[in-house]
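Written out below as structure tokens is the structure these notes cover.
In the working numbering, the protein residues as written are 15 to 144.
So, in structure tokens, the structure goes:
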């Protein structure tokens with residue numbers, strides 16, 4: 015089971031989540047906690063498209079642990095759909111790094127982008143520390 019985040023690139027969808035039924039539109043950041051399935055249905059006739067990344071929960075929890083200076087051992091994404099262009103921009107940067115690089119440089123850039131993504135989620139109260 016993995017931690018997921020992505021962006022709705024086109025169209026809209028309605029789907030079940032760990033927090034109830036949600037709707038996502040073009041430009042929204044979408045998230046999934048381990049074990050959650052967000053397989054939904056399109057809204058309208060235009061179809062939909064999104065880009066997702068999945069991470070091992072322990073990897074992301076370690077970064078979050080460092081961010082909180084050890085005050086939290088992990089986290090749960092509290093909102094399956096997040097609206098906001100700043101966070102969407104951070105996700106696009108993360109996606110570009112993960113899909114374009116390889117080796118040590120990719121690992122460092124990915125970690126930095128995951129950090130910035132988590133920071134954006136924290137800033138918008140989208141994360142619950144556990």
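Here a beta-carbon is modelled for each residue, glycine too, at the ideal position from N, C-alpha and C.
Mind checking residue 56: buried by the 16 CB within 10 Å criterion, or exposed? Within the chain shown, the letter at position 42 stands for residue 56. Its Cβ having fewer than 16 others within 10 Å, residue 56 is exposed.
Kindly indicate the opening and closing residues of the alpha helix (DSSP H) around residue 104. For the purposes of this step, residue 104 is taken as residue 90 along the chain shown, with counting starting at 1. That run of the alpha helix (DSSP H) goes 99-114.
According to DSSP, simplified to helix, strand and coil, what is residue 66? Here the question's residue 66 lines up with position 52 in the chain shown. It is a strand residue.
What do you reckon, are the CB atoms on residue 25 and residue 49 nearer than 8 Å? The residue labelled residue 25 in the question sits at position 11 within the chain shown. The residue labelled residue 49 in the question sits at position 35 within the chain shown. No, they are not a contact pair.
At the level of alpha carbons, what is the spacing between residue 93 and residue 81? Position 79 of the chain shown, counted from the start, is the residue given in the question as residue 93. Position 67 of the chain shown, counted from the start, is the residue given in the question as residue 81. Straight-line Cα distance between these residues: approximately 20 Å.
Which residues mark the beginning and the end of the alpha helix (DSSP H) in which residue 118 is found? Against the chain shown, residue 118 aligns to sequence position 104. Start and end: 117-137.
Exposure label - residue 46; buried when at least 16 CB within 10 Å: Stepping through the chain shown from its first residue, residue 46 is reached at position 32. Burial call: buried.
Taking the alpha-carbon positions, what's the residue 77 to residue 84 distance? The residue you call residue 77 lines up with position 63 of the chain shown. The residue you call residue 84 lines up with position 70 of the chain shown. One C-alpha to the other measures close to 10 Å.
Tell me which same chain residues have a C-beta within less than 8 Å of the C-beta of residue 144, skipping the five on either side of it? Reading the chain shown from its first residue, position 130 is the one you call residue 144. The residues are 86, 87, 88, 89 and 90.
Residues near residue 38 by beta carbon distance below 7 Å, same chain, minus five either side: The residue given as residue 38 occupies position 24 in the chain shown. Within the same chain, residue 38 has close Cβ partners 22, 26, 27, 44 and 95.
For the beta strand (DSSP E) holding residue 28, just list the boundary residues, first then last. The sequence position of residue 28 within the chain shown is 14, counting from 1. It spans 27-29 - the beta strand (DSSP E) in which residue 28 sits, taken as one unbroken run.
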